Structure formats: structure tokens, C-alpha cells
Amino acid sequence: MTKMNGFPLIELLVTIAVIAILATIAVPSFNSILNNQKLNASTRELMSKIAEARTQAVTLRQTTGVCLSTVSDCASALSITTNQTNRVYIAQLEKNVVAGTGSATQIAFRVEGIPISTAKFTLTRNGQSRCVEVGITGDTYYKEGACT
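Throughout the sequence shown, residue numbering follows this note's numbering, covering 15 to 162 in sequence.
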């Protein structure tokens with residue numbers, strides 16, 4: 015009798031079945047993680063642009079502003095003249111991340127680095143939300159869920 019090398023067919027089929035079962039469990043979980051990461055990336059981008067605009071307002075002693083990438087004419091929305099668009103910062107949102115209903119889409123900072131008015135940005139993707147709130151002193155807060 016000769017010795018056979020390799021796997022029997024039944025062992026190969028069982029292994030493939032186990033891998034398929036594990037994959038069906040892991041894929042929905044992976045999609046949730048991916049969704050969460052895209053939303054967090056957009057939140058960090060917005061907070062970074064807000065901090066940059068606030069710092070530049072103080073440094074340049076000029077009004078600066080931030081808009082979400084969904085705003086078509088940010089300078090007009092912020093009442094900043096077209097020859098001063100270098101003071102306008104655009105927060106690029108990840109694919110399928112949108113501003114929630116009633117969310118702010120822009121904010122402007124005075125020369126002192128304080129916002130002209132407070133703002134609450136709600137970013138949403140596939141049913142998950144993040145809230146970025148800019149207080150009257152210019153402090154920026156982040157929390158999970160929609161802004162209230």
C-alpha cells in the first residue's frame with residue numbers, strides 16, 4: 015500500500031464550510047467598523063479645520079470661516095469677499111457622510127478667535143451620527159450621536 019499525501023476531499027469541504035461561516039459573521043461587523051471609521055475621520059477633519067480657522071483668525075487679525083464640503087459657495091455663505099478666500103477652510107467629508115437635518119454647515123470666527131455665533135454640526139453616515147459643537151468661546155466639543 016502506498017502512502018497518500020494531501021487532504022481528503024471531505025476535510026477540504028469541512029474547512030471551506032467553516033471559513034464561509036466565519037466570513038458571514040465577520041463581514042457585517044467589518045462594515046460597521048468601516049462605517050464608524052469614515053464617520054470619525056470626517057469628524058476629525060471638521061474639528062481640525064475649525065481649530066485651524068480659529069487660530070488663523072487670531073494670527074491674521076481677520077475673519078475666517080469653515081464650511082462643510084457640501085456647501086457650494088462657502089465664501090458667500092460666510093460673507094467673506096472673493097478676494098479673501100484664503101481665509102475660508104473647507105472640511106472635506108468622507109464618502110456618504112452628510113450633514114444631518116438641522117445641522118450647521120458653516121461657522122465664522124472673529125479676529126479674537128471667537129465664533130460669530132455658536133454652531134452644532136451633526137455628521138451622519140448609514141444611521142450613525144457624531145456631533146461637533148462650537149461654543150461661544152470657540153471651544154470645540156465632540157460626542158457620539160446627533161446634536162440636541
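Built from N, CA and C at the ideal position, the CB exists for glycine as well.
Nothing here was measured: the structure is a model prediction, and the numbers come from that model.
For Glu126, three-class secondary structure by DSSP: In this structure, Glu126 counts as coil in the three-state DSSP scheme.
May I ask you to check if the CB of Ala31 is nearer than 7 Å to at least one heavy atom of the ligand FAD? As far as ligands go, the structure on display features none, and thus does not contain the ligand FAD.
To the nearest angstrom, how far is the alpha carbon of Ile104 from that of Ala91? Rounded to whole angstroms, Ile104 to Ala91 spans 12 Å at the Cα level.
Range covered by the beta strand (DSSP E) that runs through Leu82: Annotation for Leu82: the continuous beta strand (DSSP E) segment containing it runs 78-82.
Straight-line CA distance for Val32 to Phe21? Distance between the alpha carbons of Val32 and Phe21 is about 16 Å.
Bridge partners - Cys145, DSSP secondary structure assignment: Thr136, Lys157, per the DSSP bridge assignment.
Distance between Ala67 and Val3 (C-alpha atoms, nearest Å): No information on residue 3 is available, as it lies outside the stretch 15 to 162 that the chain covers here.
Is it true that the CB of Lys52 sits closer than 8 Å to the CB of Glu108? With contacts defined by Cβ atoms closer than 8 Å, Glu108 and Lys52 form a contacting pair.
Considering just the uninterrupted stretch of the beta strand (DSSP E) at Ile150, what are its terminal residues? Judged by DSSP secondary structure, Ile150 falls outside any beta strand (DSSP E); it is assigned neither H nor E.
DSSP-derived helix/strand/coil call for Ala118: Reduced to three states, the DSSP call for Ala118 is coil.
Extent of the continuous alpha helix (DSSP H) to which Val41 belongs: From DSSP, the alpha helix (DSSP H) with Val41 extends over 23-74.
Just to confirm the assignment, what range does the beta strand (DSSP E) spanning Ile94 have? Note, Ile94: premise wrong, no beta strand (DSSP E); not H, not E.
Could you tell me whether the Cβ atoms of Thr77 and Val148 are closer together than 8 Å? Result no, Cβ atoms of Thr77 and Val148 do not sit closer than 8 Å.
Close-in-space but distant-in-sequence residues of the same chain around Ile35 (CB under 6 Å, 5 per side omitted): So the list is empty, once near-sequence residues are dropped.
If we call anything under 8 Å between Cβ atoms a contact, is Ala113 one with Leu137? Yes. Within cutoff.
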